[in-house]
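This report concerns only the one structure given below.
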């Protein structure tokens, strides 16, 4: 199974819960998830400027990205931002000139060192580079957007692109989410 949208993630979670007799637990997780994302949507609605995001695949493939018909687009939108990639293609490749033309406010990397972006001479003019807004989603287990942990990804991204929107540190919120999903002991181990 590979979920393509947040709605599919929720459907699959509930269907698996039905198979194992854990519908009540699934309902608790889904209500928790929806409440967190509603809070993000509320705080984002107050923003005067909606931030743009460019997403790059893992392993240094900085010109491989995700279009509008992707789970990546969902976590970007759930974070209160918009994807600079306009195509509906799920996994397009772009050239440096296109990325420069898009000039995103933020760049999100999957398991890739941000220095890979910061050290590229051709990308020095990007807003995201100049403002040090290149973020790495790592470790992959915690930020897996194809699971209900898409909320961890969205919360992390939201807090980094709109840092003044929450009284809680992003790490505190992440721990709260992981505790809801896995319990206190495992959540603490995952965050260490």
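Numbering (this note's numbering), first residue to last: 80 to 271.
For glycine and all other residues, C-beta sits at the position ideal for the given N, C-alpha and C.
- Three or more beta-carbon pairs separated by less than 8 angstroms are not found between the segment 252–268 and the segment 141–158, which leaves the two stretches without contact.
- If you look at residue 136, you'll find it isn't in any beta strand (DSSP E); DSSP assigns it neither H nor E.
- Taking a contact as a CB-CB distance under 8 angstroms, the pair residue 142 and residue 178 counts as one, their CB atoms being some 7 angstroms apart.
- By the neighbour-count definition (other C-beta atoms within 10 Å, threshold 16), residue 129 is an exposed residue.
- The count of Cβ pairs closer than 8 angstroms, one atom from the segment 121–140 and one from the segment 87–103, stays below three, leaving the stretches out of contact.
- Ranked by Cα distance from residue 144, the options 127, 157, 156, 166 are led by 166.
- Annotated three-state conformation of residue 190 is coil, per DSSP.
- When DSSP states are grouped into helix, strand and coil, residue 197 belongs to the helix group.
- Around the C-beta of residue 234, 16 or more other C-beta atoms lie within 10 Å, and the residue is accordingly described as buried.
- Contact between residue 232 and residue 241 does not hold, since their C-beta atoms are separated by about 15 angstroms, which reaches or exceeds 8 angstroms.
- Residue 112 sits buried, since 16 or more C-beta atoms from the chains shown fall within 10 Å of its C-beta.
- Following the DSSP letters along the chain, one finds residue 214 inside the beta strand (DSSP E) bounded by residues 213–216.
- Apart from sequence neighbours up to five positions away, no residue of its chain approaches residue 198 with a beta-carbon distance below 8 angstroms.
- C-alpha of residue 236 to C-alpha of residue 102: approximately 29 angstroms in a straight line.
- Under DSSP, residue 223 shares a beta bridge with no residue.
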